[in-house]
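Start counting the sequence shown at 1; every next residue gets the next number (this note's numbering). In this text, a Cβ means the ideal position worked out from N, Cα and C, and glycines have one as well. In this text the structure is predicted, and so the values were computed from the model without any measurement.
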Amino acid sequence: MEGDSVTAIHREATEFRPIRITSPNGLDGVTVETALVPYPERATNWQAALVLDGEHGHLITGMPPGKYTLWARITDNPEVIVEDVETITIT
């Protein structure tokens, strides 16, 4: 997964933010969830990742201006990996 990036998105926009996941065993049987929360909060409410063109991600729309963190949670039993993917500023 990629991290440590900052993205600016206009509040009027609808944008798909992909989450790049690499796994030596593929993603069969893996659950991917996302959360977009105000910075610097930690994610507690997760939703299934959206899959577009075979890529997992989060659709951002209708967010008020502010700074947010996009989180990903990947469950591959017995592992549960939680990562902050990127910081997003809604303008």
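- Taking C-alpha positions only, Arg-73 is separated from Leu-59 by approximately 16 Å.
- Taking a contact as a CB-CB distance under 8 Å, the pair Thr-75 and Thr-31 counts as one, their CB atoms being some 4 Å apart.
- Using a 10 angstroms sphere on the CB of His-56, the tally of other CB atoms reaches 16 or more, which defines it as buried.
- Cβ neighbours of Thr-14 within its own chain (closer than 6 Å, five residues either side excluded): Thr-61.
- Exclusion of the five residues before and after Thr-89 leaves Ala-8 and Lys-67 as the residues of its chain whose Cβ lies within less than 6 Å of its Cβ.
- Close CB contacts of Val-6 within its chain, under the 6 Å cut and outside five residues either way in sequence, are with Thr-87 (chain order).
- The C-beta distance from Arg-11 to Thr-91 rounds to 7 Å, short enough to fall under 8 Å.
- Under the three-state reduction of DSSP output, Trp-71 falls in the strand class.
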